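Residue 342 in our numbering sits at position 283 of the first sequence, with consecutive numbering throughout. In this text, a Cβ means the ideal position worked out from N, Cα and C, and glycines have one as well. In this text the structure is predicted, and so the values were computed from the model without any measurement.
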Amino acid sequence: MMETTSDRSALLEGLNEAQREAVTAEPGPILVLAGPGSGKTRVLTQRIAYLVSEVQVPPWQIMAVTFTNKAAREMADRLEFLAGNRLRGLTVGTFHATCARVLRRETDNLEGYDRDFVIFDRDDQLQVVKQALAELNLDDKKFQPAKMLSGIGNAKNELVTPEMYAASNYIAEVTKRVYDVYQQLLVANNAMDFDDLLMNTVLLFDARPDVLQKYQERYRHVLVDEFQDTNTTQYELLKRLAAPQNNIFVVGDSDQSIYKWRGADFRNINRFRQQYPEAEMILLEQNYRSTQIILDAAKAVIRHNADRVDKELFTERRGGQQIEIHEAYNEKEEADLVLDTIQSLMLKGYSPGDCAVMYRTNAQSRALEEAFLGRGMPYRLVGATRFYSRREIKDLIAYLRVVHNPADAISLNRIINTPTRGIGRKTQQSLQQWARRKGWQPAEALLKLATEPEVQHPFSTRAYNALLDFAQMLNAWLTVRDEATVGELLDLILEQAQYRNYIDDGTDEGQDRWANVMEFRSVATLAEDMELNEFLEQVALVSEQDNLEESQNAPTLLTLHAAKGLEFRVVFITGLEEGILPHSRSMDEMEELAEERRLFYVGLTRAQDRVFLIHTFRRTFYGESSVGTPSRFLGNIPPELTSGGDTRERHQETIEKASSWRWEESPSPSRRRSGRQGGGNRRGSSRGSGRVTSRPHRPAGEAKPEPAKKETEFRTGQKVSHAKFGKGIVIESKLTGSDEEVTVAFKSEGIKKLAASFANLKVIE
DNA sequence: ACATAACAGTTTTTT
DNA sequence: ACTGTTATGT
């Protein structure tokens with residue numbers, strides 16, 4: 060960059076008053092409360108540039124932490140643009156990557172770890188928990204590994220070690236023991252989980268004031284993005300690092316706190332204010348993203364949450380289009396409605412990439428994907444099955460990990476018989492026992508077979524040969540490890556392990572998997588100047604969303620969680636029904652309900668121009684279809700901001716539009732579309748399968764829809780009888796478009812929902 | 001060792 | 001409805 064930014068006015072140009080205040084605030088604790096679309100990333104980056112060019116802070120004394128790689132990269136890119144090489148040495152990264160770097164540098168001061176430690180992801184964690192349960196002779200049916208893991212994770216988020224863990228009840232007592240063994244196993248494997256990266260850094264700082272001091276002196280200024288998402292451990296980490304000058308600049312918005320279930324605690328904002336009473340507090344209230352109408356709707360929604368600091372968000376984008384609320388009959392018609400609307404927006408100058416379709420749960424993407432596929436329209440799917448969690452990729456990472464860190468018994472366990480090479484469960488067990496008896500690690504024991512041919516071993520000839528074969532491969536890889544590039548090593552592994560034979564069985568799925576392997580190979584090959592440990596760390600800490608190409612001009616399908624931090628001209632939020640948003644598991648507790656509302660708020664505030672809110676009349680969950688109630692959150696939006704009428708009117712409209720539903724209810728057993736992968740990885744190659752446009756047949760009553768009824772034929776309390784289900788009592792009956800839906804409690808069959816026109820119910824005395 | 005059957009568990013998941 | 005895991009049989 061030629062242009063100098065030492066010109067103060069140039070640096071502050073285009074900032075509003077509050078933003079400028081934040082950027083130029085005197086060093087010390089600063090809390091910026093930033094509403095959606097208020098330019099917080101801009102403030103953060105300008106602040107860094109300002110510190111360097113105006114306050115003369117050397118860039119290497121500045122640390123900026125984010126939660127996602129994407130946010131970190133975005134910040135780094137903007138800084139590069141702003142100040143280029145004047146920011147050499149600046150630390151910008153995620154909490155986890157930053158901590159990993161510290162720990163890696165400090166392995167000499169870490170008990171039990173050496174510098175080759177690896178990072179375990181959730182799958183690995185589960186394996187470790189299972190092993191811990193096994194060692195404690197605990198039943199993993201009774202103590203589900205996932206539950207145990209969440210208990211352990213919560214503890215780590217709260218900076219609670221196994222010793223500190225309160226065994227307040229039986230389950231907690233078990234969790235404590237599992238946690239304890241779990242940690243020991245991690246150390247034995249020279250591995251840390253994600254939470255350890257944070258917790259161990261804090262523990263290190265507490266145990267070693269000299270080490271802490273080193274980092275305090277290095278990082279004189281700490282800046283934090285998305286502060287409302289920090290957990291206790293992260294908070295404590297920041298607190299220690301920023302002391303004693305407390306030059307800590309945090310940006311957050313408690314109304315966008317949606318990760319409580321992961322340990323995030325927006326009350327850290329209050330804690331911050333108590334901790335640093337002298338902190339300067341700055342509110343960013345001007346929104347540069349949405350129209351007034353959208354903003355008003357969002358504000359009206361969020362105001363229903365108790366105990367919050369109200370921000371007076373405003374925008375210069377007066378007016379705007381009203382928010383449209385629609386009812387669709389079911390999830391299929393919901394998807395059709397979304398697609399129809401997108402197509403009509405195309406005629407009004409929007410492009411497909413301007414649109415986002417959001418939902419509460421990933422499962423909801425399926426109907427949408429099918430609709431897109433059905434119309435041959437491309438779409439971008441965020442999330443779903445992550446590249447790095449695919450089986451084949453995990454296998455290869457496990458191979459690399461074992462070569463890098465043979466102590467990693469979890470990974471060894473994964474690959475020792477993958478592809479199957481005759482090392483079955485029993486052989487593995489006796490290998491383990493043998494190793495334990497000899498005081499070796501399993502990998503060590505294996506290598507003895509390869510390197511000391513005359514070693515005494517307990518295996519049958521057959522098992523020995525299988526083990527020897529694998530051991531020799533492993534030995535070979537270890538030998539070349541330090542000379543070969545990651546790509547070369549991977550190629551060698553693929554070839555010797557005959558991995559392709561195993562994974563590519565010729566089916567579509569096999570080919571896809573092999574394609575994924577090749578994609579991973581090219582990632583590895585591109586990392587040619589990277590050491591194996593660097594490569595593995597990057598792979599562990601990078602999520603798939605970072606690799607998602609933005610180029611494709613297609614609508615984006617994503618969960619509301621994944622939408623945070625993004626913006627789109629047009630936003631659809633689907634599935635606005637009780638039980639979905641708010642989610643059924645979050646309806647009982649006020650705080651959880653408040654978080655659901657924030658989720659809705661986050662969705663709304665992603666929109667620049669248009670918002671479409673959709674709920675369905677009935678929806679299929681876990682294979683069962685049931686009638687839904689519109690989300691209570693819809694009622695939080697003042698009617699004058701919306702079009703589409705109130706709930707009743709919308710419902711009436713659905714009834715009038717009703718066309719095909721009556722025939723759709725019976726699923727034809729023949730056809731099932733397994734809607735898979737978006738991005739184009741997988742195609743349904745059902746060759747020659749006739750396009751199904753024909754409707755399932757209805758035996759009786761055929762054709763012509765009846766006119767909508769005005770009143771229900773059945774009333775609560777009536778006794779009825781059904782040809783198949785026998786006698787029962789009507790619990791409820793309501794009109795559903797051209798038909799009537801009767802809920803009946805049958806004596807023998809339990810409660811059923813029936814369509815009156817097909818059920819042929821007879822009223823009995 | 002591999003194929004199959006039974007079975008549990010299905011919110012969100014920055015790292 | 002669907003998927004992924006584990007117990008069981010061949």
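Beta-bridge partners of residue 345 (DSSP): 373.
Counting other Cβ atoms within 10 Å of its Cβ, residue 646 stays below 16 and is therefore classed as exposed. In this structure, the straight-line span from the alpha carbon of residue 311 to that of residue 712 is close to 42 Å.
Beta-bridge annotation (DSSP): residue 669 is paired with 629. DSSP, reduced to helix, strand and coil, places residue 440 within a strand of the structure shown. For the pair residue 431 and residue 634, the Cα-to-Cα distance works out to about 17 Å. Excluding the 5 residues flanking it on each side, residue 521 has same chain C-beta neighbours closer than 8 Å at 481, in chain order. Burial is judged here by how many other beta carbons sit within 10 angstroms of a residue's own beta carbon; residue 822 has fewer than 16 and is exposed. Taking one beta carbon from each stretch, the segment 608-622 and the segment 410-426 have 3 or more pairs nearer than 8 Å; the two touch. Under the DSSP definition of a beta bridge, residue 660 lacks any partner.
Secondary structure at residue 303: coil, using DSSP grouped into helix, strand and coil. Distances from the alpha-carbon of residue 682 to those of 390, 574, 708, 132 put 390 closest. Counting only runs of 3 or more residues that sit fully inside the segment 158-243, the beta strand (DSSP E) segments are 177-179, in chain order. Straight-line measurement puts the Cα of residue 309 at about 11 Å from the Cα of residue 125.
By the Cβ neighbour-count rule, residue 501 is buried, with 16 or more other Cβ atoms within 10 Å of its own.
Our two residues, residue 553 and residue 272, have alpha carbons roughly 46 Å apart in a direct line. Listed in chain order, the non-local C-beta contacts of residue 166 below 6 Å within the same chain comprise 172, 173, 174, local neighbours out to five positions each way being set aside.
Apart from sequence neighbours up to five positions away, the residues of its chain that approach residue 792 with a beta-carbon distance below 8 Å are 771, 772, 773, 774, 775, 799, 800, 801, 802, 815, ordered along the chain. By the Cβ neighbour-count rule, residue 417 is buried, with 16 or more other Cβ atoms within 10 Å of its own. For residue 313, the closest of 297, 285, 293, 301 by C-alpha to C-alpha distance is 285.
Within the same chain, 281, 307 come within 6 Å of residue 301 by CB-CB distance, once the 5 residues on both sides are set aside. Judged by their CB atoms, residue 294 and residue 321 are not nearer to each other than the 9 Å cut-off. About 7 Å separates the Cβ atoms of residue 197 and residue 233, confirming a contact at the 8 Å cut-off. Under the three-state reduction of DSSP, residue 589 is assigned to coil, being neither helix nor strand.
Distance check between residue 263 and each of 380, 161, 710, 446 places 161 closest, using alpha-carbon atoms only. Pairing residue 275 with residue 254, the inter-Cα distance amounts to about 22 Å. In this structure the segment 661-671 touches the segment 383-397; the number of beta carbon pairs closer than 8 Å is three or more. The beta carbon of residue 438 sits closer than 6 Å to the beta carbons of 431, 613, 614, 616, 737 from its chain, once the five residues preceding and following it are set aside; these are given in chain order. Selection 91, 117, 518 evaluated against residue 486 yields 518 as nearest (Cα-Cα). Take residue 589, set aside five residues on each side of it, and the residues of its chain with a beta-carbon closer than 7 Å to its own are 545, in chain order.
A contact is defined here as three or more CB-CB pairs under 8 Å, and the segment 355-367 fails this definition with respect to the segment 104-114. Just so you know, the alpha carbons of residue 371 and residue 96 end up roughly 13 Å apart. Bridge partners of residue 677 according to DSSP: 686. As computed with DSSP, residue 382 is found in a beta bridge with 701.
Residue state for residue 410 is assigned as coil, using DSSP reduced to three classes. The C-alpha of residue 700 lies about 30 Å from the C-alpha of residue 91.
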